[in-house]
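The listed protein sequences derive, respectively, from chains A and B.
Residues 43 to 377 (this note's numbering) are what the first sequence spells out, left to right.
Residues 43 to 377 (this note's numbering) are what the second sequence spells out, left to right.
Notes to accompany the following structure.
Protein chains: 2
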Amino acid sequence: MQQKRVTLEEIAQAAGVSRATVSLVVRKSPLVADHTRARVEQIMAEMDYVRDIGAARLRNRSSRTIGVIVPNLVNSFFTEFLSGVEEVMARDDRVVLLANSHDDPRRQDEILQRFRGHGVDGVILCPAVGTAPELPGRIAGWGMPLVQALREVGPPTDFAGADYISAVSLAMRHLVAQGCRRVAFLSVSARTSAREERLAGYARALAETAAEDAGIVEADLTWEGAARSAAQILALDTRPDAVLCFNDILAAGLMAGLRQAGCEPGRDLAVVGLDDLPLAALTYPTLTSVAMDAPGIGRKAARLLARRLADSGAPPEQDIVAPRLVVRGSSPKRV
Amino acid sequence: MQQKRVTLEEIAQAAGVSRATVSLVVRKSPLVADHTRARVEQIMAEMDYVRDIGAARLRNRSSRTIGVIVPNLVNSFFTEFLSGVEEVMARDDRVVLLANSHDDPRRQDEILQRFRGHGVDGVILCPAVGTAPELPGRIAGWGMPLVQALREVGPPTDFAGADYISAVSLAMRHLVAQGCRRVAFLSVSARTSAREERLAGYARALAETAAEDAGIVEADLTWEGAARSAAQILALDTRPDAVLCFNDILAAGLMAGLRQAGCEPGRDLAVVGLDDLPLAALTYPTLTSVAMDAPGIGRKAARLLARRLADSGAPPEQDIVAPRLVVRGSSPKRV
DNA sequence: ATTCGAATTTAGATCGTTCTAAATACCGGG
DNA sequence: CCCGGTATTTAGAACGATCTAAATTCGAAT
Numbered sequence: 043m044q045q046k047r048v049t050l051e052e053i054a055q056a057a058g059v060s061r062a063t064v065s066l067v068v069r070k071s072p073l074v075a076d077h078t079r080a081r082v083e084q085i086m087a088e089m090d091y092v093r094d095i096g097a098a099r100l101r102n103r104s105s106r107t108i109g110v111i112v113p114n115l116v117n118s119f120f121t122e123f124l125s126g127v128e129e130v131m132a133r134d135d136r137v138v139l140l141a142n143s144h145d146d147p148r149r150q151d152e153i154l155q156r157f158r159g160h161g162v163d164g165v166i167l168c169p170a171v172g173t174a175p176e177l178p179g180r181i182a183g184w185g186m187p188l189v190q191a192l193r194e195v196g197p198p199t200d201f202a203g204a205d206y207i208s209a210v211s212l213a214m215r216h217l218v219a220q221g222c223r224r225v226a227f228l229s230v231s232a233r234t235s236a237r238e239e240r241l242a243g244y245a246r247a248l249a250e251t252a253a254e255d256a257g258i259v260e261a262d263l264t265w266e267g268a269a270r271s272a273a274q275i276l277a278l279d280t281r282p283d284a285v286l287c288f289n290d291i292l293a294a295g296l297m298a299g300l301r302q303a304g305c306e307p308g309r310d311l312a313v314v315g316l317d318d319l320p321l322a323a324l325t326y327p328t329l330t331s332v333a334m335d336a337p338g339i340g341r342k343a344a345r346l347l348a349r350r351l352a353d354s355g356a357p358p359e360q361d362i363v364a365p366r367l368v369v370r371g372s373s374p375k376r377v
Numbered sequence: 043m044q045q046k047r048v049t050l051e052e053i054a055q056a057a058g059v060s061r062a063t064v065s066l067v068v069r070k071s072p073l074v075a076d077h078t079r080a081r082v083e084q085i086m087a088e089m090d091y092v093r094d095i096g097a098a099r100l101r102n103r104s105s106r107t108i109g110v111i112v113p114n115l116v117n118s119f120f121t122e123f124l125s126g127v128e129e130v131m132a133r134d135d136r137v138v139l140l141a142n143s144h145d146d147p148r149r150q151d152e153i154l155q156r157f158r159g160h161g162v163d164g165v166i167l168c169p170a171v172g173t174a175p176e177l178p179g180r181i182a183g184w185g186m187p188l189v190q191a192l193r194e195v196g197p198p199t200d201f202a203g204a205d206y207i208s209a210v211s212l213a214m215r216h217l218v219a220q221g222c223r224r225v226a227f228l229s230v231s232a233r234t235s236a237r238e239e240r241l242a243g244y245a246r247a248l249a250e251t252a253a254e255d256a257g258i259v260e261a262d263l264t265w266e267g268a269a270r271s272a273a274q275i276l277a278l279d280t281r282p283d284a285v286l287c288f289n290d291i292l293a294a295g296l297m298a299g300l301r302q303a304g305c306e307p308g309r310d311l312a313v314v315g316l317d318d319l320p321l322a323a324l325t326y327p328t329l330t331s332v333a334m335d336a337p338g339i340g341r342k343a344a345r346l347l348a349r350r351l352a353d354s355g356a357p358p359e360q361d362i363v364a365p366r367l368v369v370r371g372s373s374p375k376r377v
């Protein structure tokens, strides 16, 4: 069965000191004399001591554990984000509790309760579609430090995300430079801040450039959904010469759908995605996209949370990464 | 600061019963009278009681937490796997501690120590490249239930994975049926059981079918690596008419590389992948692949661990999912 | 030697839960 | 109204660490 743990008490016994001293050694306190520390450390190594973090947390309220809630583990944008979070936390000797809300606010609530029960030090939340704007306030009421990431609800909290307004602008200016004029937008149907932001970017970019609004089409956030919407896009009143997509998954699906409909993406219709997933280099034609550095956003979110844990009084901070255009084959120069 | 928690004691006080009774209610013990239970539950709801799982674990040794170690969070095979694990665990009201070994055994060791300190109930491990075969034994020595997944080291433990030998056979028979004869294998360079298994499958399939070995080429496990290996493949002594790839990422990268080298994948050279990642439907030509049901493997791993937690004496079990061929555009009939 | 302050070490209470063993309440039958 | 038993409830000791406050040790200065 479960092996009995080696405890502080046993180490203390073996080293001929008190439990408290060993505890100080474990926590690398400068209070303990060098020779004592050395002896205790050696004995800990010999006896394979492993500190019980749960017990420690019970007393001092820090579990060195943080929770991360994402709405999805299939979209690689979230997993790249996650890997950034994990990287920083591991370096900081913290551990990540992972949960998937499946974009369901009820499940998200349950997860938060579970996290609460586990005594996480804080949470990084990418709010599910339909999350109540009051949620961040409630979480704060529990005394649980919160960083929102990628999406945002309610009044400002710590937030790490990407500037999709600029990203869409960037993409639009590129399309115009390539000679496109009638640009459609392939959006996602779920109402999230991510969607609103990109649509706002689209509107602003239309105002700023010579491009004309060829229409907005909606699809599920799956490549199949995007493929199905190809027909709709081709049937728009103003036949677009370019499509700007909510993200690379939709863009890739759209290209597949277009080809099926007899329209060669790139040649007949420029396509641009957002996020620059690894996928973008593997489609044909390769996909022009705007890179958002998902792991970077994850690292930023992790650092924001670390800062918040250190200083709960600091004012909320927004940490936004700048987009970077990556031109590939799906948006060639028009002649 | 950290809000003070509502404790059992306070609920007990408010309900006019003892701490022990409230504890029984929390744990849904049948010992407590219905009317008492009802009253206590109501008060718990009113006071927003959240049970401290850390404290509970300290006493009864079950944390309802399990650890998962994957070598990689970018390959979506692992994240799909992960989502299967997470799904089953969440349903079972357990929580997943996630860590990424980056295929580094030293990091993997550190993670295991952290997990130990957190008192996880068990671990699902996808061993890093170069993991010592003794590791599972050491973990067992700690009294920590272990399930290996996708890769395996050391003597048999509980294991959930896919039958890649059959998968490769399936792919090979398909290629032969399409009229291919000279089949090359694009492998990954890192030595893992996953690699050995697929190579063994390749060897066996060559023996079973009319196909001829056109050679084995190695690449990094990235699409860029695979793209670079396209030239090598085209330069093999026996010019292959088909390439079987270690996984879809390599297959997609290879197709991109082939095209760059002036060879049209599908038409000039059939390509088949393994895993059937979502990616496979989005390449051009779309990629024939062998589906391994990654989330299904994750669910199996989670269930194996749950079973092991319930009965630590049971004999080790291997749970292997069967492969399923998905034919797409990259392996057309030869004429 | 004595004293003082700094450097080290420690006893004992404590965190919030569950366990054990025992106490109390309740019920129907005699 | 007492009895035996079942049904419910409970006091108090754990679990393994950390905190507080106080005790001890150690030099150096007197």
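Beta carbons are placed, not taken as given, at the ideal position from N, Cα and C, and that holds for glycine.
8 angstroms contact criterion, which residue i and residue j should meet: CB distance rounded
{"i": "B/Leu140", "j": "B/Val110", "result": "6 angstroms"}
{"i": "A/Ala294", "j": "A/Leu329", "result": "6 angstroms"}
{"i": "B/Ala269", "j": "B/Gly299", "result": "3 angstroms"}
{"i": "B/Thr325", "j": "A/Thr325", "result": "6 angstroms"}
{"i": "A/Met297", "j": "A/Ala209", "result": "Not a contact, Cβ separation roughly 19 angstroms."}
{"i": "B/Arg79", "j": "B/Gly161", "result": "So it is not a contact: roughly 29 angstroms between Cβ atoms."}
{"i": "B/Val67", "j": "B/Val82", "result": "5 angstroms"}
{"i": "B/Pro327", "j": "B/Gly308", "result": "4 angstroms"}
First and last residue of the uninterrupted beta strand (DSSP E) at residue i
{"i": "B/Gly203", "result": "200-204"}
{"i": "A/Asp255", "result": "254-261"}
{"i": "A/Val138", "result": "137-142"}
{"i": "A/Gln360", "result": "360-363"}
{"i": "A/Leu228", "result": "224-230"}
{"i": "A/Ser65", "result": "Counting along the chain, A/Ser65 falls outside any beta strand (DSSP E), though it belongs to the alpha helix (DSSP H) covering 61-68."}
{"i": "B/Leu188", "result": "188-191"}
Residue burial classification, residue i (beta-carbon count within 10 angstroms, cutoff 16)
{"i": "A/Gly315", "result": "buried"}
{"i": "B/Ala191", "result": "buried"}
{"i": "A/His77", "result": "exposed"}
{"i": "A/Pro178", "result": "buried"}
{"i": "B/Arg233", "result": "exposed"}
{"i": "B/Asn142", "result": "buried"}
{"i": "A/Arg237", "result": "buried"}
{"i": "A/Val183", "result": "According to the sequence shown, residue 183 of chain A is Gly rather than Val. Flag for A/Gly183 reads exposed."}
{"i": "A/Ala364", "result": "exposed"}
{"i": "B/Met43", "result": "With a pLDDT of 36 at B/Met43, under the threshold of 50, the modelled position of that residue is not reliable, and the figure given next carries that caveat. It is exposed - the Cβ of B/Met43 has fewer than 16 other Cβ atoms within 10 Å."}
{"i": "B/Gly304", "result": "exposed"}
{"i": "A/Lys342", "result": "buried"}
{"i": "B/Ala62", "result": "exposed"}
{"i": "B/Arg156", "result": "buried"}
{"i": "A/Val377", "result": "exposed"}
{"i": "B/Ala170", "result": "buried"}
First and last residue of the uninterrupted alpha helix (DSSP H) at residue i
{"i": "A/Val130", "result": "118-133"}
{"i": "A/Ala269", "result": "265-270"}
{"i": "A/Ala170", "result": "That residue, A/Ala170, is in no alpha helix (DSSP H); it is neither H nor E in DSSP."}
{"i": "B/Ile162", "result": "Correcting the residue type first, residue 162 of chain B is Val in the shown sequence and not Ile. It is not in any alpha helix (DSSP H) - B/Val162 carries neither H nor E in the DSSP assignment."}
{"i": "B/Arg81", "result": "76-89"}
{"i": "A/Leu50", "result": "50-57"}
Proximal residues of chain B, C-beta to C-beta of residue i below 9 angstroms
{"i": "A/Ala132", "result": "Ala141, Asn142, Arg149, Glu152, Ile153, Arg156"}
Residues that residue i contacts on chain A, provided the C-beta gap is smaller than 7 angstroms
{"i": "B/Thr173", "result": "Those within 7 angstroms of B/Thr173 in chain A number zero; the least Cβ separation is about 18 angstroms."}
{"i": "B/Leu100", "result": "Gly96, Ala97, Leu100"}
Interface residues of chain A facing residue i [CB-CB closer than 8 angstroms]
{"i": "B/Val230", "result": "Those do not exist, as B/Val230 stays about 16 angstroms from chain A at its closest Cβ, beyond 8 angstroms."}
{"i": "B/Gly116", "result": "The identity of residue 116 of chain B in the sequence shown is Val, whereas the question assumes Gly. Here the neighbours are Ser118, Thr121, Glu122, Ser125, Pro320."}
{"i": "B/Gly295", "result": "Leu324"}
{"i": "B/Arg93", "result": "Gly159"}
{"i": "B/Val138", "result": "Leu139, Leu140, Ala141"}
Contacts of residue i in chain A (Cβ-Cβ under 9 angstroms)
{"i": "B/Gly340", "result": "Residues of chain A passing the Cβ test: none, with the nearest at roughly 10 angstroms."}
{"i": "B/Val68", "result": "Within chain A, no residue comes near B/Val68; the closest Cβ sits about 11 angstroms away, beyond 9 angstroms."}
Listed by chain order, chain B residues near residue i by CB distance under 7 angstroms
{"i": "A/Ser373", "result": "In chain order: nothing, as chain B lies at least about 16 angstroms away."}
Chain B residues whose Cβ lies nearer than 8 angstroms to that of residue i
{"i": "A/Ala298", "result": "Ala323, Leu324, Tyr326, Thr328"}
Mind the definition here: the region 165-176 of chain B touches the region 191-207 of chain B only if three or more C-beta pairs lie below 8 angstroms; say whether that holds. yes
Touching or not, the region 202-213 of chain B and the region 275-282 of chain B, by the rule of three or more beta carbon pairs under 8 angstroms? no
Does the region 120-133 of chain B come close enough to the region 216-225 of chain B to have 3 or more Cβ pairs within less than 8 angstroms? no
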